[in-house]
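K.L.:
Residue numbers (the working numbering): 6 to 277.
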């Protein structure tokens, strides 16, 4: 919008318009630092306009064996690659809350991409430890070139540490504080914060024909904290499907992928 049009808006002075323009320029310069990290699948990358972005919080959710942790493992390797190979040339931090991190899988995927295994790993046993690990990483992020923080999974410990409706409000407050800090770190240190999440049944939705009766755990607090949300589900045979549910720069669309020894990849039909 031109300066002349902005000045026609009630309450907008020349000084205010100039401040808005300066703020927009600063934001544009900051956004230029964003890096796209490949998922390992060309089809999924295309759906995401090039991959997952740094300076953002991404949440993927889905049922068991849909590839949530496998996608996390693949990103942990790819993020270390040069930019011309879809990477971010940075280190990776991995917070495991369910005991699903597998060094041998990282090694298999690293062999596919020819990358090193430059990953700082930590296992969280409760939500307090999960928060302490996040704060502890902030010091490393400020002095090292980290580009990816993985939390696998974000809700597992909150669902076990806070049980019942009586503790729901307290749980959501604690979760909200954790997510705000993670989002702040994503912008401050040019990170992609990648979170996996569990699904739970939605009895209300299940009563409608054709409506998916599953929803991500965490409620509105987690939904509002996530920049991009993906639903992963099983497809035909060994295929898996990722659906973009929410994104500021991608329309709602789907991509098909498979899980291989070397991590997330495209189905053979797509490669051909």
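In this text, a Cβ means the ideal position worked out from N, Cα and C, and glycines have one as well.
So, helix, strand or coil for residue 184, using DSSP?
P.N.:
Here the question's residue 184 lines up with position 179 in the chain shown. Here residue 184 sits in helix by DSSP.
K.L.:
Using DSSP with H/G/I as helix, E/B as strand and the rest coil, what is residue 167?
P.N.:
By 1-based counting over the chain shown, the position of residue 167 is 162. In this structure, DSSP gives residue 167 a state outside helix and strand, which the three-state scheme calls coil.
K.L.:
By DSSP, does residue 90 sit in helix, in strand, or in coil?
P.N.:
Your numbering for residue 90 matches position 85 in the chain shown. Residue 90: helix per DSSP, three-state reduction.
K.L.:
With which residues is residue 62 paired in a DSSP beta bridge?
P.N.:
Within the chain shown, numbered from 1, the residue matching residue 62 stands at position 57. Note: residue 62 sits in a beta bridge opposite 198.
K.L.:
Cα-Cα, which of 20, 75, 93 is closest to residue 67?
P.N.:
The count along the chain shown starts at 1 and reaches residue 67 at position 62. Selected option, being the one with the closest Cα: 75.
K.L.:
Relative to the C-alpha of residue 146, which candidate in 162, 190, 156 has its C-alpha closest?
P.N.:
Walking along the chain shown from the start, residue 146 turns up at place 141. Comparing Cα positions, the closest option is 190.
K.L.:
Output the residue ranges of the alpha helix (DSSP H) runs that lie fully inside the segment 113-176 and measure 4 residues or longer, sorted by chain position.
P.N.:
132-148, 161-166
K.L.:
Please return the same chain residues whose Cβ sits closer than 8 Å to the Cβ of residue 103, not counting the five positions on each side in sequence.
P.N.:
What you label residue 103 is simply residue 98 of the chain shown in a count that begins at 1. Excluding residues within five positions, the ones whose Cβ falls inside 8 Å are 157, 158, 161.
K.L.:
For residue 227, is the classification buried or exposed, using 16 other Cβ atoms within 10 angstroms of its Cβ as the cut-off for buried?
P.N.:
Locating residue 227 in the chain shown gives position 222, counting from the first residue. By the 10 Å Cβ count, residue 227 comes out buried.
K.L.:
In three-state terms, what does DSSP make of residue 111?
P.N.:
The count along the chain shown starts at 1 and reaches residue 111 at position 106. Here residue 111 sits in helix by DSSP.
K.L.:
Could you check what DSSP says for residue 260 in three-state terms: helix, strand or coil?
P.N.:
Locating residue 260 in the chain shown gives position 255, counting from the first residue. Looking at residue 260 - three-state DSSP - the assignment turns out to be strand.
K.L.:
Using a 10 Å radius around the Cβ and a threshold of 16 neighbouring Cβ atoms, would you call residue 257 buried or exposed?
P.N.:
Your numbering for residue 257 matches position 252 in the chain shown. Per the 10 Å Cβ criterion, exposed.
K.L.:
Could you spell out where the beta strand (DSSP E) holding residue 248 opens and where it closes?
P.N.:
In the chain shown, the residue the question calls residue 248 occupies position 243. Counting along the chain, the beta strand (DSSP E) containing residue 248 begins and ends at 245-251.
K.L.:
What number of angstroms, rounded off, separates the C-alpha of residue 155 from the C-alpha of residue 20?
P.N.:
Along the chain shown, one-based indexing puts residue 155 at 150. Along the chain shown, one-based indexing puts residue 20 at 15. Rounded to the nearest angstrom, the two C-alpha atoms are 43 Å apart.
K.L.:
Confirm, please, whether the CB-CB distance from residue 135 to residue 144 is below 8 Å.
P.N.:
Position 139 of the chain shown, counted from the first residue, corresponds to residue 144. Position 130 of the chain shown, counted from the first residue, corresponds to residue 135. No.
K.L.:
Pull up the distance between the alpha-carbon of residue 168 and that of residue 251, whole angstroms please.
P.N.:
Taking the chain shown and counting its residues from 1, one reaches residue 168 at position 163. Taking the chain shown and counting its residues from 1, one reaches residue 251 at position 246. The straight-line gap from Cα to Cα measures roughly 28 Å.
K.L.:
With distances taken between CB atoms, is the gap from residue 141 to residue 180 smaller than 8 Å?
P.N.:
Your numbering for residue 141 matches position 136 in the chain shown. Your numbering for residue 180 matches position 175 in the chain shown. Not closer than 8 Å, so no.
K.L.:
Nearest-angstrom Cα distance between residue 27 and residue 83?
P.N.:
Translated into the one-based positions of the chain shown, residue 27 becomes position 22. Translated into the one-based positions of the chain shown, residue 83 becomes position 78. Taking the straight line joining both Cα atoms gives about 35 Å.
K.L.:
By DSSP, does residue 233 sit in helix, in strand, or in coil?
P.N.:
The residue labelled residue 233 in the question sits at position 228 within the chain shown. DSSP places residue 233 in strand when its eight states are reduced to three.
K.L.:
Residue 60 and residue 195 look like a contact to me (Cβ under 8 Å); what is the Cβ gap, rounded to whole Å?
P.N.:
In the chain shown, counting from the first residue as 1, residue 60 sits at position 55. In the chain shown, counting from the first residue as 1, residue 195 sits at position 190. Yes, residue 60 and residue 195 are in contact; Cβ-Cβ is about 6 Å, under 8 Å.
K.L.:
For the putative contact between residue 50 and residue 266, defined by C-beta atoms under 8 Å, what is the C-beta separation to the nearest angstrom?
P.N.:
Position 45 of the chain shown holds residue 50. Position 261 of the chain shown holds residue 266. Contact flag wrong, Cβ pair sits at about 20 Å.
K.L.:
Can you give the Cα-Cα distance for residue 164 and residue 125, rounded to whole angstroms?
P.N.:
Along the chain shown, one-based indexing puts residue 164 at 159. Along the chain shown, one-based indexing puts residue 125 at 120. Roughly 25 Å separates the two Cα atoms.
K.L.:
CA-CA distance, residue 213 and residue 97?
P.N.:
Indexing the chain shown from 1 puts residue 213 at position 208. Indexing the chain shown from 1 puts residue 97 at position 92. Because residue 213 carries a pLDDT of 49, less than 50, the predicted location of this residue cannot be relied on, and the following value inherits that uncertainty. One C-alpha to the other measures close to 42 Å.
K.L.:
Below 8 Å on the Cβ atoms is my guess for residue 57 versus residue 199; work out the distance and round it to an integer in Å.
P.N.:
Counting from one through the chain shown, the residue named residue 57 turns up at place 52. Counting from one through the chain shown, the residue named residue 199 turns up at place 194. Correct: roughly 7 Å between the Cβ atoms.
K.L.:
Just the C-alpha distance for residue 79 and residue 225, rounded to the nearest angstrom, thanks.
P.N.:
What you label residue 79 is simply residue 74 of the chain shown in a count that begins at 1. What you label residue 225 is simply residue 220 of the chain shown in a count that begins at 1. Rounded to whole angstroms, residue 79 to residue 225 spans 28 Å at the Cα level.
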